[in-house]
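In our numbering, the protein residues as written are 2 to 112.
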């Protein structure tokens with residue numbers, strides 16, 4: 002069959018363009034604000050791993066930024082300059098959050 006035993010369930014999958022967007026994330030530390038614009042935390046994008054970035058942030062063009070992100074100041078221009086990332090209102094799980102070592106084997110350790 003020529004696929005060397007690879008199946009849909011044991012391949013690592015990344016959505017098209019997501020790795021590139023992650024690599025173009027803002028760099029350094031940025032302030033996170035509450036709804037009134039007060040600084041409540043500091044986000045260090047340089048130390049943020051791939052899954053954590055996608056759990057907490059989304060990437061869109063400036064015209065697609067949600068109003069709450071603009072008003073609170075929780076949006077930052079990406080290093081590429083053409084897109085922006087913003088802090089989601091709720092943390093979103095990513096698909097590999099549910100992998101377990103006994104069931105998923107090597108894929109678990111490389112997530």
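Backbone N, C-alpha and C define an ideal beta-carbon position, used for all residues, glycine too.
Model, not experiment: these values are computed from the prediction.
- When secondary structure is reduced to three states using DSSP, residue 56 falls in the helix class.
- Under the DSSP assignment, residue 21 falls in the alpha helix (DSSP H) whose first and last residues are 19-24.
- Judged by their CB atoms, residue 54 and residue 31 are not nearer to each other than the 8 Å cut-off.
- Here residue 70 is buried: its Cβ has 16 or more other Cβ atoms, across all protein chains shown, within 10 Å.
- For residue 47, the secondary structure class from DSSP, reduced to helix, strand or coil, is helix.
- Look at residue 65 here: in three-state DSSP terms it is helix.
- Comparing alpha-carbon positions, the option among 36, 26, 23 and 24 lying closest to residue 75 turns out to be 36.
- With contact defined as three or more Cβ pairs closer than 8 Å, the segment 81-93 and the segment 49-64 are in contact.
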